[in-house]
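The sequence shown begins at 22 in my numbering and counts up one residue at a time. Beneath this line is the structure, given in structure tokens, with notes to follow.
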Amino acid sequence: MSVFPLLNFWNSLLGFVINSVSSSPSPAFSFGKSPIAFCGFKAHSAPLGFEYMKNFADEDIANSFLVCLHGSTKVSRQRGNAIVKITGANNYTTVIDGFLTGKTAKDRHGRPCDILMNDAHSFFFTDDLNGVLYFVWK
Numbered sequence: 022m023s024v025f026p027l028l029n030f031w032n033s034l035l036g037f038v039i040n041s042v043s044s045s046p047s048p049a050f051s052f053g054k055s056p057i058a059f060c061g062f063k064a065h066s067a068p069l070g071f072e073y074m075k076n077f078a079d080e081d082i083a084n085s086f087l088v089c090l091h092g093s094t095k096v097s098r099q100r101g102n103a104i105v106k107i108t109g110a111n112n113y114t115t116v117i118d119g120f121l122t123g124k125t126a127k128d129r130h131g132r133p134c135d136i137l138m139n140d141a142h143s144f145f146f147t148d149d150l151n152g153v154l155y156f157v158w159k
């Protein structure tokens with residue numbers, strides 16, 4: 022049985038387009054050109070969770086995206102381990118840090134994973150290094 026009818030079926034459901042099928046080393050199908058990300062992060066920063074802080078009471082983070090940077094598995098890379106605010110195309114500023122204070126495992130104090138706005142004055146974020154749910158309010 023050929024796999025291509027199955028690919029055609031799933032691609033039609035998902036809106037993908039098969040460009041060509043050949044025995045050449047080029048790909049048999051393409052999902053089209055991907056859009057460029059609005060904001061990129063340094064390699065190994067591992068952006069996991071994000072939340073739009075719609076009408077948040079604190080004007081510093083109101084109506085902006087906050088992103089949890091989980092960080093590299095290798096602490097020595099010094100990447101991520103913070104919550105950042107997207108400030109523009111390929112720009113972001115740190116909102117919460119202190120999870121990484123050095124270059125060894127003992128210097129890693131948390132790994133932010135996801136974030137959820139609770140109300141106009143508070144939000145939650147998770148830390149999977151310590152298994153903690155933080156509550157942040159102002």
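Glycine is no exception: its CB is placed at the ideal position from the N, C-alpha and C atoms.
- Note: I117 is bridge-paired with I104 in the DSSP secondary-structure output.
- If you ignore the 5 residues before and after P68, its C-beta comes within less than 6 Å of the C-beta of F62, V88 and L90, all in its own chain and listed in chain order.
- As the crow flies, the alpha-carbon of N139 is around 34 Å from that of S97.
- Between M74 and the set H65, C60, D149 and V116, the nearest pair of CA atoms involves V116.
- Beta-bridge pairing by DSSP links N112 to G109.
- Rounded to whole angstroms, the Cβ separation of G119 and L150 is 13 Å, and the two are not in contact under 8 Å.
- Annotation: the continuous beta strand (DSSP E) that includes V88 extends over F86 to L90.
- Beta-bridge partners of R129 (DSSP): L121.
- Here the C-alpha atom of A58 lies approximately 34 Å from the C-alpha atom of K127.
- Residue range P68 to Y73 is occupied by the beta strand (DSSP E) that includes P68.
- Straight-line spacing of the CA atoms in S55 and L121 works out to 33 Å.
- Rounded to the nearest whole angstrom, the CA to CA distance from C60 to I136 is 18 Å.
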